[in-house]
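Student: Would you mind keeping the following structure in view while I ask a few things?
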Amino acid sequence: MGTTPSPPSQPPASPRRTELLDACYAYLLEHGLLGLSLRPLAAATGTSPRVLLYLFGSKDGLLRELLARARHEQLTQMARALDEPGTDSPGAPDGSDSPLTPAGPAASKGPAALDEPGTDTAGLGHGPAVPVGFDALSARLWAFLSAPEQRPMVRLTYEAFLLSLSHDPGPWSGFAAEAAHDWLALLVGAQPPGTPHAVAEARATRTLALVRGLLLDLLACEEPERVTAALTLAETDTQADPT
């Protein structure tokens, strides 16, 4: 399904290159992608356009690495949020309902390794898995992604998603499909072992569509109570008809 984000071939990694990539990512979170220019980006990160071009090959090369960083950052943080101690899902206070299967291999295989139900997603985060019932997964996703401190990352993800769907996507080409597959893999992997793949994928798609749509509403209107109420209602409807 998804593919692990990988940067284009560039000079070997160095502390300075890593430092600049981190600084450029922080700049994107604050300023966004549209109208991005190397000169102000370089000034804000304490370097020069020439150094950025040397380290990342081109402006497009830098953008592609930053988009891969955004995908990895969001997946890692989401898996970590699902793995927080003491946050068992509603309806399963003892963590026994629809558990994730604690393991470790997925950590080294990337999102593509998570395309079978029951695959552990905690390897993207830290520590042993805390069981999470899939019925509560949309609520857990929402609690994390709708938090005010996540707004810059969510906004950047949507901006890149929409740019990748334009008639001339340029360096953003493929981002939407890759991000969708990343999230589907994470959600499919969160379901109980033995769930038929077609069912797991359909449930994951439904949850992804719900959370994505509500996040877009939240970004546009900043009305968290109304939007969260819609999520709660949708969860109630889903529990009444779990297929």
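At position 70 of the sequence shown (counting the first as 1) the number is 70 in UniProt numbering, and the numbers step up by one without a gap. Glycine included, C-beta positions come from ideal geometry on N, C-alpha and C. Please read all numbers here as calculations on a predicted model, not as lab measurements.
Run through DSSP, which three-state label would Pro-40 get?
Tutor: Here Pro-40 sits in helix by DSSP.
Student: So, is Gly-189 buried or exposed, given that buried needs 16 or more other C-beta atoms within 10 angstroms?
Tutor: Buried is the call here.
Student: Using the three-state DSSP reduction, which class does Pro-171 fall into: helix, strand or coil?
Tutor: Three-state DSSP puts Pro-171 in a helix.
Student: By Cβ distance, which residues of its chain are closer than 8 Å to residue 245, with the 5 residues on each side in sequence left out?
Tutor: Nothing about residue 245 can be reported from this structure: the residues present for the chain run from 1 to 243 only.
Student: Pop quiz: Thr-157 and Ala-70 are said to be a contact at Cβ under 8 Å. What is the actual Cβ separation, rounded to whole angstroms?
Tutor: Confirmed, Cβ separation roughly 6 Å.
Student: In this structure, does DSSP put Thr-232 in helix, strand or coil?
Tutor: Three-state DSSP puts Thr-232 in a helix.
Student: Which term fits Ser-14, buried or exposed, when burial requires 16 or more other beta carbons within 10 angstroms of its beta carbon?
Tutor: Flag for Ser-14 reads exposed.
Student: Output the residue ranges of the alpha helix (DSSP H) runs that lie fully inside the UniProt domain "HTH tetR-type" (14–74) and measure 4 residues or longer, sorted by chain position.
Tutor: Counting whole runs of 4 or more residues, the UniProt domain "HTH tetR-type" (14–74) contains the alpha helix (DSSP H) stretches 15–31, 38–44, 49–56.
Student: Which class does Pro-85 belong to by DSSP, given the choice of helix, strand or coil?
Tutor: Any answer about Pro-85 is weak, because its pLDDT of 47 lies below 50 and its placement is not dependable; what the coordinates show is given next. Coil at Pro-85, not helix or strand.
Student: Tell me whether the beta-carbon of Val-227 lies closer than 8 Å to the beta-carbon of Leu-145.
Tutor: No, they are not a contact pair.
Student: At which residues does the alpha helix (DSSP H) containing Ser-138 begin and terminate?
Tutor: Its alpha helix (DSSP H) spans residues 137–145.
Student: With DSSP as the reference, label Leu-165 as helix, strand or coil.
Tutor: It is coil, neither helix nor strand.
Student: Looking at the unbroken alpha helix (DSSP H) that takes in Ala-198, where does it start and where does it end?
Tutor: Per DSSP, Ala-198 belongs to the alpha helix (DSSP H) from 197–221.
Student: Quick check on this structure: which residue in Ala-198, Pro-196, Ser-138 has the alpha carbon closest to the alpha carbon of Leu-215?
Tutor: That would be Ser-138, whose Cα lies nearest to the Cα of Leu-215.
Student: If the criterion is Cβ atoms closer than 8 Å, does the pair Leu-55 and Ala-160 meet it?
Tutor: Not a contact, by the Cβ cut-off of 8 Å.
Student: Please confirm whether Lys-59 and Leu-29 have their CB atoms less than 8 Å apart.
Tutor: No; because the gap between Cβ atoms is not below 8 Å, this pair is not in contact.
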